[in-house]
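Notes follow once the structure below has been shown.
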Amino acid sequence: MKVLVVDDHAYNRDLLAFILDDEGHTCIEAVDGKNAVEIYRDDPDIALILMDINMPEMDGIEATRAIKSLDPERFVPVIFVTALDDTDVIARCLDAGGDDFVPKPVNENVLISKINAHARSQALYQNLQQANKTLSYHQTMMNREHSIVEHIFSNANRRNKTYCENIKQYTSPVSMFDGDVVLSGPSPAGGVYLMVGDFTGHGLAAAIGSLPVTEIFHNMISHQASISQLASVLNVRLHEILPTNMFCCATLMFIDASGTQCTLWSGGMNDTLWVKSGSGTVEKIVAQHMPLGILDDAEFDDSPLIFEISLGDKLYIYTDGVNEAVNASGEEFGLERLEEVVAKGGDDTVEAVNLAVKQFHEGCEQSDDISIVEVTGGSLVHRSRDDDEPVDVQQEFHRASSFPWHLKMHLEDEDLRNTSIVNQILGFVASIQGIELHQDKIFTIVSELYSNSLEHGVLRLSSEMKNSADGFEQYYRERQLRLESLQQQFIDVEFDYLRGNPNKIKLVITDSGDGFDIDKVFDSTKENDQTHGRGLSLLRSLCSVLQYTDGGRTVTAVYDLCHHN
């Protein structure tokens with residue numbers, strides 16, 4: 231141990247140095263307090279100081295105070311060596327930062343014992359300091375990791391640029407990460423989807439399941455998925471990734487744009503409370519299914535409940551943190567108190583529930599994540615999160631996909647024999663955002679025009695064959711024979727997305743056939759007793775433009791996206 235001996239008398243320094251050297255310590259000397267401060271500042275290896283009190287330049291008390299202030303994190307014991315026995319002076323020494331004192335004349339055994347005792351204290355301090363540094367490092371790393379995860383969760387849940395005015399919610403996690411999941415988002419047709427979920431436990435372990443749930447939820451609602459499909463896909467994914475002791479109680483809901491038709495699937499959740507407008511009574515919609523993530527796909531029941539709600543009706547979905555909140559007496563808030571609050575109604579029932587729960591368990595720590603959501607019946611109003619202005623979500627949905635795109639397929643003999651080729655074509659188109667609502671109509675247009683090009687153009691079949699009693703059978707027998715004998719024929723299918731008001735899909739189909747008499751086909755639609763030709767009549771009702779050129783070998787159709795919701 232390196233010891234700094236501070237005394238203005240050389241004899242005293244020599245005596246202390248002799249004792250220290252005999253014990254194997256390294257001794258360095260300072261002639262006064264000022265000299266001691268300078269040496270201490272420049273030597274980080276000094277482990278203990280023996281300090282005299284009365285010295286010129288700077289006394290021992292001032293020197294100790296200066297030394298202790300240089301680096302508060304550095305612990306170096308200061309033992310005063312003094313002949314003074316004035317208790318006030320000793321108190322001043324200790325107040326200045328002194329740790330002990332030894333009276334003069336120095337007793338060697340006492341001095342060595344005190345040095346050894348302070349060496350042990352210093353070792354404990356250094357171990358504690360190292361442990362604190364290690365803990366501080368891990369705390370910093372954990373905070374950084376939490377910050378990253380929190381950022382990921384925040385971004386994952388910040389998917390919607392709009393919110394639905396008909397939905398109010400309150401969430402209060404018990405820790406930084408929320409084991410409850412509250413998700414909502416508009417449907418392409420102007421309705422709204424809602425999910426309230428409660429994972430087993432709370433904190434990060436419970437919240438981690440919300441990431442795949444959030445991704446699946448937003449992806450599927452953008453494709454106008456049914457509640458049954460949404461429940462089924464969520465169950466499959468959670469069953470794959472969650473450990474056996476984890477699951478997700480959930481209520482999934484879809485409200486149409488009118489705000490009157492509700493589709494609901496609920497598994498393992500509390501009863502949904504239904505307060506009918508003006509009645510003041512509370513009805514319960516009981517969860518009919520198992521929680522998500524427990525059953526495999528074959529056992530899972532995705533059947534929803536479909537019912538009508540009226541203007542002003544209120545639906546309340548809540549997690550266990552609400553009704554199982556406990557007060558100082560160990561009593562739960564309970565369903566009865568919750569029903570009393572929601573039955574009273576008011577301007578903000580969600581806030582009223584929140585205040586009632588807080589007052590009930592005042593003075594007690596929150597033990598579970600709390601979530602409550604209110605859905606109000608009536609025409610849905612979607613608003614922008616940026617400026618709170620009303621938003622036409624149907625228009626926004628199509629605007630989101632308004633980047634220009636072009637798709638072209640060249641189909642040869644083998645492709646033309648493929649009976650599912652139209653479905654494959656539509657599979658490409660349907661994957662583009664903004665098309666989902668129009669799949670059925672676009673499918674009709676593509677299938678009718680493709681059939682005309684294939685049958686009347688490439689295969690050179692006549693619709694008049696269908697007029698006789700056995701005409702259809704004869705027609706399709708001949709169709710199959712000609713398909714099998716195709717050689718070096720083709721059909722080109724092109725799609726273009728056109729910006730405008732409204733946005734449009736342009737379809738151009740060109741075939742390698744000899745063409746056909748378009749006027750004759752169109753004229754046939756006027757004869758109601760004929761079976762063939764009606765497809766073109768339907769096409770004219772669906773398309774804003776329908777034009778055949780090049781003798782019937784090329785057809786151009788334009789479909790207005792925003793006019794067919």
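Following the working numbering, the numbering of the sequence shown begins with 231 at its first residue and continues without gaps. Quick reminder that beta carbons are idealized off the backbone N, C-alpha and C, glycines included.
When we look at the beta-carbon of residue i and count the other beta-carbons within 10 Å, is it buried (16 or more) or exposed?
i	result
I471	exposed
A436	buried
A240	exposed
W504	buried
W635	exposed
Y680	buried
P307	buried
N653	exposed
E685	buried
E538	exposed
P335	exposed
G415	buried
V785	buried
G551	buried
R350	exposed
I345	buried
A293	buried
D617	exposed
Roughly how many angstroms lie between the CA atoms of residue i and residue j, to the nearest whole one?
i	j	result
V171	C492	In this structure the chain extends from 231 to 795, so residue 171 is not present and cannot be described.
E581	L766	58 Å
N339	S405	56 Å
E796	R770	As shown, the chain starts at 231 and ends at 795. That puts residue 796 outside it, with no answer to give.
I446	L464	7 Å
S559	N500	24 Å
D747	A660	32 Å
L413	D486	17 Å
S462	D527	7 Å
S366	D726	59 Å
S601	G576	19 Å
T444	Q454	16 Å
Y778	G745	10 Å
V775	G730	15 Å
E694	I672	27 Å
L641	I457	37 Å
C257	L250	7 Å
G657	L791	18 Å
Q356	E562	49 Å
E303	E566	57 Å
E287	Q369	46 Å
S452	E619	22 Å
For a quick check, are the C-beta atoms of residue i and residue j less than 8 Å apart?
i	j	result
V688	D741	yes
G427	V411	yes
T490	S540	yes
D289	G328	no
D599	P473	no
G802	N553	This structure cannot speak to residue 802, because the chain is shown only from 231 to 795.
N373	T430	no
Q624	A419	yes
P521	A480	yes
L728	R709	no
I397	V603	yes
H519	S496	yes
R322	I291	yes
M425	L482	yes
I655	M639	yes
E259	R243	yes
Do you know whose CA, among the options, lies nearest residue i's CA?
i	options	result
Y548	I515, L525, M520, P534	I515
G439	P302, L424, A455, F477	F477
D272	V319, Q719, P286, D301	D301
N682	P442, N242, R783	R783
E395	G607, M231, L494, I651	G607
L434	G730, S496, V605, F407	F407
D316	L494, F331, R304	F331
L468	F484, G508, I524, K506	I524
D275	I536, L234, L768, Q369	L234
L535	I735, T502, D616	T502
L441	L460, L711, G409, Y423	G409
Measuring only between beta-carbons, confirm whether residue i sits less than 8 Å from chain D.
i	result
V505	Within the model displayed, chain D is absent; a lone protein chain is all it includes.
Any contact of the region 575-594 with the region 542-557, i.e. 3+ C-beta pairs under 8 Å? yes
Assess, as a yes-or-no matter, whether the region 498-516 is touched by the region 391-408 under the definition of 3 or more beta carbon pairs within less than 8 Å. no
Is it a yes or a no for the region 583-590 touching the region 522-541, going by three-plus beta-carbon pairs under 8 Å? no
Can at least three beta-carbon pairs, one atom from the region 272-281 and one from the region 301-321, be found at a separation below 8 Å? yes
Sufficient close CB pairs (3 or more, under 8 Å) joining the region 703-721 to the region 637-648: yes
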